[in-house]
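Enquirer: This is the structure, below, for whatever I ask next.
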Amino acid sequence: MAPEAEEPQNEDPTRDDHDALDGPVPEVAVRGQRVLDVLDKAITIQSPLVRKNIARARQRNPEATPAEVIRNLERMYVSALAGTGAAVGGAAAAPGVGTGVALALSAGEVLSSLQLSALFALSVAEVHGVRMDEVERRRTIVMGIMLGGSGSATITKVAERTGQHWGRQVVAKVPIETLRQINKVLGKHFITKYGTKQGIIVLGRAAPFGIGAVIGGGANAALATLAVRASRRAFGPPPPSWP
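Numbers in the numbering used here are just positions in the sequence shown, counted from 1, shifted up by 173.
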């Protein structure tokens, strides 16, 4: 006698949709959002400190011109960022300090790097007389400068505006809704480009015997130099006098 055929089971037509909605969020997306969260935290922390940072750049010469203050801000930024990278990188060479500890220190140093970069970008904008009340504008300025040429290309393309100095246009002429669109695109670039660079630097800092100090300091100095160049393109020549 032939075995009875099994009855077909009724498929839940919504099962795939539920699986798609209830499934785990991809780890790449989680890491990417963490990078942007850290950036927002850095911007929030540093925004109130902008004027103090400018005052520090002027303390040796209260009569310094805006151009001289910006040069001081640039030197302070490159020096500070290189110093943090070298300090964390050198930790791997200390007796009894393993790679795991060095990596943990590097993870905390990423926040410090973003804070320094946010403070630099917002300080230069302030010296140029570009003040940003909305957080979206601050995000655009910071990410645009940290991403360099690709950041400025994205901003001018999405904003549909041309001109050498996009930093002024972002504040004066671009609507907030357009800035949100710009920041979505910049955020993706920021995750892939800046996040990848930082990942390489973090691993390099964990190298033993002091090699990490050289890698960390040199890499951070290179990133800072690129940001300095981008800030000059974003805002153009400094104003001749204080507003």
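Using N, Cα and C, we set each Cβ at its ideal position, and we do this for glycine too. Since this is a predicted model, take the numbers as computed values, not measurements.
State the DSSP-derived secondary structure class of Leu-305, mapped to helix, strand or coil.
Expert: The sequence given here has Met at residue 305, not Leu. Three-state DSSP puts Met-305 in coil, outside helix and strand.
Enquirer: With hydrogens ignored, establish whether the beta-carbon of Ala-345 is closer than 7 angstroms to any heavy atom of the ligand ADP.
Expert: Absence of the ligand ADP from the depicted structure is noted, as is the absence of any ligand whatsoever, leaving it without description.
Enquirer: Return the first residue and the last residue of the alpha helix (DSSP H) that Val-347 is part of.
Expert: From DSSP, Val-347 is part of no alpha helix (DSSP H); its letter is neither H nor E.
Enquirer: Under 8 angstroms: do the segment 332–351 and the segment 305–315 share three or more Cβ pairs, one atom per stretch?
Expert: At 8 angstroms Cβ cutoff, the stretches touch.
Enquirer: Rounded to whole angstroms, what's the CA-CA distance from Leu-352 to Ala-407? Just pull it up for me.
Expert: Distance between the alpha carbons of Leu-352 and Ala-407 is about 16 angstroms.
Enquirer: With H, G and I counted as helix, E and B as strand and the rest as coil, what does DSSP make of Pro-235?
Expert: Coil.
Enquirer: Taking C-beta to C-beta, are Val-242 and Ala-230 nearer than 8 angstroms?
Expert: Against a cut-off of 8 angstroms, the Cβ pair of Ala-230 and Val-242 comes out as a contact.
Enquirer: Under the three-state reduction of DSSP, which class applies to His-362: helix, strand or coil?
Expert: Residue state, collapsed to three classes: helix.
Enquirer: If you reduce the DSSP assignment to three classes, tell me which class Pro-221 lands in.
Expert: Helix at Pro-221.
Enquirer: Given a cut-off of 8 angstroms on the beta-carbon distance, is the pair Val-401 and Val-223 in contact?
Expert: No, they are not a contact pair.
Enquirer: Which residues in the same chain as Ala-240 place their Cβ atom closer than 7 angstroms to its Cβ, once the five residues preceding and following it in sequence are excluded?
Expert: Contacts found: Pro-411.
Enquirer: What are the boundary residues of the alpha helix (DSSP H) that Ser-452 is part of?
Expert: The first residue shown for the chain is 174 and the last is 416, placing residue 452 beyond what the model contains.
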